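Notes to accompany the following structure.
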Amino acid sequence: MRLRFYSAWRGALGLGLLASLGLAACNRSGQGESTGSQADTLTANKPTPVDTVKLKRLALQRDSLRADSIARKTGQLPGAILPGHRIVAFYGNIRSKGMGILGREPKAQMFRKFDKVIAEWQAADPSLPVMPAIHSVTITAQGAAGSDGKYRLMNSKSTIEETRSWAREHNALLFMDVQVGLSDLEHELPKLAEYMKDPTIHLGIDPEFAMATKKARPGKKIGTYDAKDVNYAINFLARIVSENHLPPKILMVHRFTQGMLTNYKNIKLDPRVQVVMDMDGWGDPTLKKDSYKAYVEKQPVQYTGFKLFYEYDIKPKGSHLMTPKEVLSELNPKPLYIQYQ
């Protein structure tokens, strides 16, 4: 930004001229005229307001260009988790037995199972270190409208902090998952901004429960996000990364139908955010593999994920829960994010 500087003599000359004019006006018309002249002088010399919003936008653009430059030279930003690791996550809510494995079993029992699963994935592909993660549904779609009619509810601070402590105890990443109901990401994500300043906390967004375009309450229809919604989440995380000097964040997007994500080619990647498209459908292995190919492999964004359901994947007759070796040998590309519900 360029600043204009005026010389001292020119400023003094201007003030002296204004003062003499003020005295002349006072002699002719009384004190009221003099007061007005002084007010005009103060107004004229008042500094131009600083457009802090514009300055912040320019700073973020500069940070984005810097990040792009580093990424072009090195392939990614320092501290990036993907593609140098595989993340294996347990999903759910610690207060709910029905939302996933995370809250279904007693804590100690659940973590014993988690340790076993981590070991299985590490054995299936020793070339990539496995990072454990807790994927917690933090803003949850509701069957009841609530006081504002938005059909969603955020976890209490105590639940969030307890979930964070579980992740820390297990040296695990924490994903905070968002189901907006009839709200939107612009109103919900800022609620998580302080948590996202923690370098071990990442974000998940779930189009299934984004109901604004469906005009229905969650559970009645499958919701949808457009590329612009994903771009909003990317920009939200990128800003936090730049402002707090953090390593890249991960954004995980659930998907299991064509309509859950529209205009995927318009998603604008940013090296400060690593995007994972997670195939989230349940059923027998053939159905799951076909869905992965149709909605993840054929419509790639950046990195891929795959979800396994302890209860629902085994429901179809003759079905079974896919093993790590099956997933790695039968999916292309090999997913770098694995989630168990």
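Quick note on numbering: our numbering labels position 130 of the sequence shown as 1081, and the sequence is numbered without any gaps. From the three backbone atoms N, C-alpha and C, an ideal C-beta is built for every residue, glycine too. Being a predicted model, the structure only gives us computed values, none of them experimental.
Only buried fits Arg1223, as 16 or more other CB atoms lie within 10 angstroms of its CB. Burial of Lys1200 is indicated by the presence of at least 16 other C-beta atoms within 10 angstroms of its C-beta. Judged by DSSP in its simplified three-state form, Val1204 adopts strand.
Fully enclosed alpha helix (DSSP H) runs of no fewer than 4 residues occupy 1108-1120, 1136-1139, 1144-1147 of the region 1101-1156, in order along the chain. Per DSSP, the beta bridge partners of Arg1037 are Val1081.
The shortest C-alpha to C-alpha distance from Glu1139 to any of Ile1111, Lys1101, Asn1122 is the one to Lys1101.
One alpha carbon belongs to Asp1135, the other to Ala1163, and they sit about 8 Å apart. Taking 8 Å as the cut-off, the Cβ atoms of Asp1229 and His1205 count as close. Note on Gly1051: 16 or more other CB atoms within 10 angstroms of its CB, so buried under the neighbour-count rule. With 16 or more neighbouring CB atoms inside 10 Å of its own CB, Asn1044 falls in the buried class. Around the C-beta of Val1001, fewer than 16 other C-beta atoms lie within 10 Å, and the residue is accordingly described as exposed. If you look at Phe1260, you'll find it isn't in any alpha helix (DSSP H); DSSP assigns it neither H nor E. Note on Ala1123: 16 or more other CB atoms within 10 angstroms of its CB, so buried under the neighbour-count rule. Look at the beta carbons and you see the region 1244-1261 touching the region 1278-1291: at least three pairs across the two are nearer than 8 Å. Excluding residues up to 5 positions away in sequence, Tyr1254, Leu1287 lie with their Cβ nearer than 7 Å to the Cβ of Pro1034 in the same chain. With contacts defined as CB atoms closer than 8 Å, Phe1126 and Ser1087 qualify as a contacting pair. Shown here for Gln1073: same chain residues with a beta carbon closer than 8 Å to its own, the five before and five after excluded, namely Pro1080, Val1081 in chain order. In this structure, Asp1264 is the residue among Asp1264, Lys1240, Gln1060 with its C-alpha nearest to the C-alpha of Trp1233. A straight line joining the alpha-carbon of Ala1075 with that of Lys1244 spans about 21 Å. If you draw a straight line from the Cα of Ser1193 to the Cα of Thr1175, it comes to about 29 Å. For Lys1048, same chain residues with a beta-carbon under 8 Å away, outside a window of 5 residues either side, are Gly1054, Arg1055 in chain order.
Straight-line spacing of the CA atoms in Ala1144 and Asp1231 works out to 25 Å.
By the Cβ neighbour-count rule, Thr1151 is exposed, with fewer than 16 other Cβ atoms within 10 Å of its own.
The beta carbon of Thr1213 is closer than 8 Å to those of Thr1175, Tyr1176, Asp1177, Ala1178 in its chain, skipping five residues each way along the sequence. Under the three-state reduction of DSSP output, Ser1087 falls in the strand class. Contact between Asp1221 and Ala1189 is confirmed by a C-beta separation of about 5 Å, below the 8 Å threshold. Note: Gln1225 is bridge-paired with Ile1201 in the DSSP secondary-structure output. If you look at Gln1290, you'll find it in the beta strand (DSSP E) that goes 1288-1291. With distances taken between CA atoms, Ile1173 lies nearest to Leu1133 out of Leu1006, Asp1066, Gly1026, Leu1133. Per the coordinates, the alpha-carbon of Val1068 lies some 10 Å from the alpha-carbon of Pro1083. Short of 8 Å from the beta carbon of Lys1142, and not among the five residues preceding or following it, lie these beta carbons of its own chain, in chain order: Ile1090, Met1105.
Bounds of any alpha helix (DSSP H) do not take in Asn1044, whose DSSP letter is neither H nor E. In terms of Cα proximity to Phe1041, the closest of Lys1064, Asn1182, Ile1218 is Lys1064.
Between Ala1092 and Gln1130, the CB-CB gap stays under 8 Å. Between Pro1029 and Pro1198 the beta-carbon gap is near 7 Å, inside 8 Å, which marks them as a contact. As far as DSSP is concerned, Asp1231 takes part in no beta bridge.
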